[in-house]
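A.B. asks: Next up is a structure, given as structure tokens.
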Amino acid sequence: MRIWGISDLHLSFSCDKPMHVFGEHWQGHDQKMAASWDASVGADDVVLCPGDLSWALKLPEAALDLAWIAARKGRLKILTRGNHDYWWSAIGKVRSALPETLVALQNDAVDLGEVVVAGSRLWTCPGALDWDAHDEKIYLREVERLRLSLVEGKQKAQGRPLLAAIHYPPFDKQQRSTAYSELLEEFGVKMCVYGHLHGRRAHRTAFEGDRNGVRYHLIACDHLQFAPITVWPLAPSVQEVASSSESEKLSALRPGGPFTTGSSPGGDEIVQP
Ligand SMILES: [Fe+2]
Ligand SMILES: [Fe+2]
Numbered sequence: 000m001r002i003w004g005i006s007d008l009h010l011s012f013s014c015d016k017p018m019h020v021f022g023e024h025w026q027g028h029d030q031k032m033a034a035s036w037d038a039s040v041g042a043d044d045v046v047l048c049p050g051d052l053s054w055a056l057k058l059p060e061a062a063l064d065l066a067w068i069a070a071r072k073g074r075l076k077i078l079t080r081g082n083h084d085y086w087w088s089a090i091g092k093v094r095s096a097l098p099e100t101l102v103a104l105q106n107d108a109v110d111l112g113e114v115v116v117a118g119s120r121l122w123t124c125p126g127a128l129d130w131d132a133h134d135e136k137i138y139l140r141e142v143e144r145l146r147l148s149l150v151e152g153k154q155k156a157q158g159r160p161l162l163a164a165i166h167y168p169p170f171d172k173q174q175r176s177t178a179y180s181e182l183l184e185e186f187g188v189k190m191c192v193y194g195h196l197h198g199r200r201a202h203r204t205a206f207e208g209d210r211n212g213v214r215y216h217l218i219a220c221d222h223l224q225f226a227p228i229t230v231w232p233l234a235p236s237v238q239e240v241a242s243s244s245e246s247e248k249l250s251a252l253r254p255g256g257p258f259t260t261g262s263s264p265g266g267d268e269i270v271q272p
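Just so we're aligned, residue 0 is where the sequence shown starts under numbering that gives the first Met the number 0, counting upward by one.
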């Protein structure tokens, strides 16, 4: 089993929300995602999609977008809520509306056998691009929700690797630690995917790579040029590749490794989703 990640799908099959207003690179983004997703993800693989899934306002309106995700390759897709997922109401209702291969995480964790995945939406954090003083209360609440999720994840994992899928970045705009990243470290999370950041300016603020034992990936779809990336098993780190032999370096350059970051097309001057 491989685990893939792509977030911020921003689908809108039931409402009129043209995404190219956020930059020409968003034109036909659902088709680009479907083509790369179905060509790369295997039938036994799992895909992490942490948030901003659908522009729908109500749960029934999200049905077509959820069906699109369900139709993609992979045995399971693990979803968390994003700040734009207004359709995501009470978790029981969301779960009962989901097609069979979709799993909704909300401050809890799912056991995938080889690994356990915890997941939570989070919120902006002090020092982030979109932070203002009114966010403090929600930030503190979301820290506790992340803790709940990690407590359950660690309990389920029983020593197996614990991964995390969150919507908001766990660092501020200067890539400094927050209570979110400290929790991820405290619980020994091996790999964390996050989204929410769109456009070159925001992507430049993102931390990706290894820090205090956690591998981080920004998986907002525009950062990935609308193609999911493999996030587990972990690819060798840049440091590991640098210290390896020539033949090991060559094999690390094949698909699946080494760890690389996405590149970010356009979108600097336009207000982003
Ligand atoms: Fe978002
Ligand atoms: Fe988004």
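Note that the Cβ used here is the ideal one computed from N, Cα and C, for glycine as well.
Please read these numbers as outputs of a predicted model, since none were measured by experiment.
Which word fits LEU10, buried or exposed, when buried means at least 16 other C-beta atoms lie within 10 angstroms of its C-beta?
C.D. replies: By the neighbour-count rule (16 or more Cβ atoms within 10 Å), LEU10 is buried.
A.B. asks: Is it right to say ARG253 is buried, meaning 16 or more other beta carbons lie within 10 angstroms of its own, or is it exposed?
C.D. replies: Because the pLDDT at ARG253 is just 48, under 50, the model does not fix this residue reliably, and the point stays unresolved.
A.B. asks: Beta-carbon separation of LEU104 and GLY118 under 8 angstroms?
C.D. replies: Going by C-beta atoms, LEU104 is nearer than 8 angstroms to GLY118.
A.B. asks: Using 8 angstroms as the threshold, is the C-beta distance between SER13 and ASP64 below it?
C.D. replies: Yes, Cβ-Cβ distance for SER13 and ASP64 is below 8 angstroms.
A.B. asks: With a threshold of 16 other CB atoms inside 10 Å of the CB of PRO272, please say whether the residue is buried or exposed.
C.D. replies: PRO272 should be labelled buried.
A.B. asks: From the DSSP output, in three-state form, read off SER39 for me.
C.D. replies: Of the three classes helix, strand and coil, the one that applies to SER39 here is helix, per DSSP.
A.B. asks: Output the distance between the C-alpha atoms of LEU121 and GLU143, rounded to the nearest integer angstrom.
C.D. replies: About 9 angstroms.
A.B. asks: Contact defined as beta carbons within less than 8 angstroms: I believe PRO168 pairs with LEU196. What is the distance between those atoms, to the nearest angstrom?
C.D. replies: So it is a contact: roughly 6 angstroms between Cβ atoms.
A.B. asks: Let me check one thing: in DSSP terms, what residues is PRO49 bridge-paired to?
C.D. replies: Answer is THR79.
A.B. asks: How is the alpha helix (DSSP H) around TRP67 delimited, first residue to last?
C.D. replies: Looking at the DSSP string, the run of the alpha helix (DSSP H) that includes TRP67 is 62-70.
A.B. asks: Cβ of THR204 within 8 angstroms of Cβ of GLN224?
C.D. replies: No.
A.B. asks: Quick test of your reading: ARG159 and GLU113, contact by CB under 8 angstroms. State the CB separation rounded to the nearest angstrom.
C.D. replies: Correct: roughly 7 angstroms between the Cβ atoms.
A.B. asks: With distances taken between CB atoms, is the gap from GLY73 to VAL45 smaller than 8 angstroms?
C.D. replies: Cβ atoms of GLY73 and VAL45: closer than 8 angstroms.
A.B. asks: Hey, quick one: how far does the beta strand (DSSP E) through ALA108 stretch, first residue to last?
C.D. replies: 107-110 is the span of the beta strand (DSSP E), which, as asked, contains ALA108.
A.B. asks: Specify, as a first and last residue, the run of the alpha helix (DSSP H) that SER119 falls within.
C.D. replies: Premise fails: SER119 lies in the beta strand (DSSP E), 115-119, not in any alpha helix (DSSP H).
A.B. asks: How many angstroms separate the CA atom of VAL240 from the CA atom of HIS133?
C.D. replies: If I take the Cα positions, the gap works out to 44 angstroms.
A.B. asks: Ignore the nearest five residues each way along the sequence and tell me which others in TRP25's own chain have a CB closer than 6 angstroms to its CB.
C.D. replies: MET18, HIS19.
A.B. asks: What are the start and end residues of each continuous alpha helix (DSSP H) run of 4 or more residues lying completely inside the region 181-207, in chain order?
C.D. replies: You should have 198-202.
A.B. asks: Do SER148 and ALA108 have their C-beta atoms closer together than 8 angstroms?
C.D. replies: Contact: yes.
A.B. asks: Using alpha carbons as the reference points, say which of GLY41, HIS83, GLN154 lies closest to ASP110.
C.D. replies: Closest option to ASP110, Cα to Cα, is GLN154.
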